[in-house]
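S.K.:
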Amino acid sequence: MIISHRYKFIFIKTHKTAGSSMEMALGPLCAPEDIITSMETNEGTGIPRNYHADTLIGRTYAKSRLFRKCIDRRSPLLGAWYWEHMPATRVRELIGEDIWNSYYKFCFERNPWEKVVSYYNWKKYGQEKETPPFKEYVLTKSHRLPRDGDLYFDGDTCLMDEVHDYKGFLTTFASICEKLGIPYDGVMPREKTGVSQEKSDYRDYYDEETKAKVAEWFSREIRHMDYTFDRSAK
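Residue numbers (our numbering): 1 to 234.
1) What are the partner residues of residue 4, as DSSP defines its beta bridges?
2) Who are the near neighbours of residue 8 in its chain, counting only those whose CB is closer than 8 angstroms to its CB and skipping five residues on each side?
3) Counting C-beta neighbours from all protein chains within 10 Å, is the total for residue 138 16 or more, i.e. buried, or is it exposed?
4) Just the C-alpha distance for residue 235 and residue 203, rounded to the nearest angstrom, thanks.
5) For residue 163, count neighbouring Cβ atoms within 10 angstroms of its own Cβ and tell me buried if that reaches 16, exposed if not.
6) Can you tell me which of 124, 131, 86 and 118 puts its alpha carbon nearest to the alpha carbon of residue 200?
7) From the DSSP output, in three-state form, read off residue 138 for me.
8) Are residue 111 and residue 205 closer than 7 angstroms when you measure CB to CB?
9) If you pair each beta-carbon of the region 75-83 with each one of the region 25-33, do three or more pairs fall below 8 angstroms?
10) Less than 7 angstroms between the C-beta atoms of residue 216 and residue 109, yes or no?
11) Roughly how many angstroms separate the alpha carbons of residue 128 and residue 190, rounded to a whole number?
12) Got a sec? Which residues, its chain only, sit under 8 angstroms from residue 92 by beta carbon, not counting five neighbours each side?
13) Checking the sheet assignment: what are the DSSP bridge partners for residue 228?
14) Measure the C-alpha to C-alpha separation of residue 37 and residue 177 and round it to an integer number of angstroms.
15) Have a look at the DSSP bridge pairing and note the partners of residue 51.
16) So, at 6 angstroms on beta carbons, what are the nonlocal neighbours of residue 10 in its own chain, with the 5 sequence-adjacent residues on each side left out?
17) For residue 134 and residue 230, I'd like the C-alpha separation in whole angstroms.
18) Quick one: what's got a C-beta closer than 7 angstroms to residue 214's C-beta in the same chain, skipping five residues either side?
19) Residue range of the beta strand (DSSP E) that residue 218 falls in?
20) Skipping 5 residues on each side, what residues in its chain have a beta carbon closer than 8 angstroms to that of residue 39?
21) Going straight from the alpha carbon of residue 209 to that of residue 147, what length do you get?
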């Protein structure tokens with residue numbers, strides 16, 4: 001997640017939409033006072049900044065996984081704490097209406113049927129976690145699936161100025177940078193890639209039952225982006 005005061009934008013980071021790569025591309029171009037959240041692959045790069053209060057408890061919370069398990073990240077003890085996949089409602093609460101209303105707010109979304117397969121394979125192969133067969137995972141663990149509408153909606157109201165489709169994100173990202181005056185050189189770092197898949201076409205993972213479950217769980221995103229099982233947004 002990025003809040004750039006230099007370029008006046010707010011980037012809400014969704015799952016499995018090249019968000020980490022975009023953060024790595026934008027990070028070096030952002031100002032020292034901008035806010036960029038931390039993730040495992042950008043620690044030590046100088047990219048994460050200003051995502052926690054410069055207090056003893058804020059610094060300890062940033063460094064200690066145990067501390068983060070014990071204290072909720074919305075706790076007033078922490079002051080302002082920004083995290084990777086942070087809901088837009090919380091961002092708005094922390095930065096205030098003036099900045100929220102005057103900055104360009106955007107995120108990327110992905111066809112949920114495709115996203116669920118990507119997320120499942122990332123868990124199974126990328127994180128090497130014990131994972132049940134795909135059908136069982138979708139039907140019994142749907143609460144763990146990345147329903148990113150929760151990040152950029154408030155109820156049924158979309159809080160973004162634009163939700164861009166992940167398909168063709170490189171071209172879209174370049175257009176956004178041009179619009180905001182960001183000197184992007186066209187190079188996109190590759191982060192969290194290389195996870196193997198058992199099947200090349202996401203549709204091969206589904207039967208009618210799992211198809212319907214994803215349609216139900218992601219109904220808000222599907223409706224907003226006009227997704228269907230066989231294609232991305234128009």
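Cβ coordinates follow ideal geometry from the N, Cα and C atoms, glycine included. The structure presented is a predicted model; accordingly, all values stated were derived computationally and were not measured.
M.R.: Let me spell this out:
1) As a position in the sequence shown, residue 4 is number 4, starting the count at 1. According to DSSP, residue 4 bridges with 9.
2) Counting from 1 along the sequence shown, the entry for residue 8 is found at position 8. For residue 8, the CB contacts under 8 angstroms within the same chain, skipping 5 residues up- and downstream, are 102, 103, 104 and 180 in chain order.
3) The residue labelled residue 138 in the question sits at position 138 within the sequence shown. Residue burial is scored here from C-beta neighbours: residue 138 has at least 16 other C-beta atoms within 10 angstroms and is therefore classed as buried.
4) In the structure displayed, the chain extends from 1 to 234; residue 235 sits before or after that span and is not available.
5) In the sequence shown, the residue the question calls residue 163 occupies position 163. When all chains shown are included, residue 163 counts as buried.
6) As a first step, residue 200 must be located in the sequence shown, where it is residue number 200. Ranking 124, 131, 86 and 118 by Cα distance to residue 200 puts 118 first.
7) For the purposes of this step, residue 138 is taken as the residue at position 138 of the sequence shown. In the structure shown, residue 138 falls within a helical segment according to DSSP collapsed to helix, strand and coil.
8) On the sequence shown, residue 111 is found 111 positions in, with the first residue counted as 1. On the sequence shown, residue 205 is found 205 positions in, with the first residue counted as 1. No, these two residues do not count as a Cβ contact at 7 angstroms.
9) In this structure the region 75-83 does not lie against the region 25-33, because fewer than three pairs of beta carbons, one per stretch, are closer than 8 angstroms.
10) For this step, residue 216 is matched to residue 216 along the sequence shown. For this step, residue 109 is matched to residue 109 along the sequence shown. Taking a C-beta distance under 7 angstroms as the contact criterion, residue 216 and residue 109 do not qualify as a contact pair.
11) Taking the sequence shown and counting its residues from 1, one reaches residue 128 at position 128. Taking the sequence shown and counting its residues from 1, one reaches residue 190 at position 190. As the crow flies, the alpha-carbon of residue 128 is around 20 angstroms from that of residue 190.
12) Taking the first residue of the sequence shown as position 1, residue 92 is located at position 92. Closer than 8 angstroms at the Cβ level, and outside the excluded window around residue 92, lie 100 and 159.
13) Residue 228 sits at position 228 when you count from the first residue of the sequence shown. Paired residue(s): 231.
14) For the purposes of this step, residue 37 is identified with residue 37 of the sequence shown, where counting begins at 1. For the purposes of this step, residue 177 is identified with residue 177 of the sequence shown, where counting begins at 1. If you draw a straight line from the Cα of residue 37 to the Cα of residue 177, it is about 19 angstroms long.
15) Numbered from its first residue, the sequence shown carries residue 51 at position 51. In the DSSP output, where bridge partners are listed per residue, residue 51 has none listed.
16) Locating residue 10 in the sequence shown gives position 10, counting from the first residue. Beyond the five residues adjoining it in sequence on each side, residue 10 comes within less than 6 angstroms, by CB distance, of 3, 103 and 105 in the same chain, given in chain order.
17) For the purposes of this step, residue 134 is taken as residue 134 along the sequence shown, with counting starting at 1. For the purposes of this step, residue 230 is taken as residue 230 along the sequence shown, with counting starting at 1. Approximately 19 angstroms, taken between the alpha carbons.
18) Position 214 of the sequence shown, counting from 1, holds the residue named residue 214. Correct list, in chain order: 112, 113, 116 and 138.
19) Along the sequence shown, one-based indexing puts residue 218 at 218. For residue 218, no beta strand (DSSP E) run applies, since DSSP gives it neither H nor E.
20) Residue mapping note: residue 39 aligns to position 39 of the sequence shown, counting from 1. The answer, listed in chain order, is 20, 23, 48 and 84.
21) Here residue 209 corresponds to residue number 209 of the sequence shown, with the count starting at 1. Here residue 147 corresponds to residue number 147 of the sequence shown, with the count starting at 1. Going by the C-alpha atoms only, they are around 18 angstroms apart.
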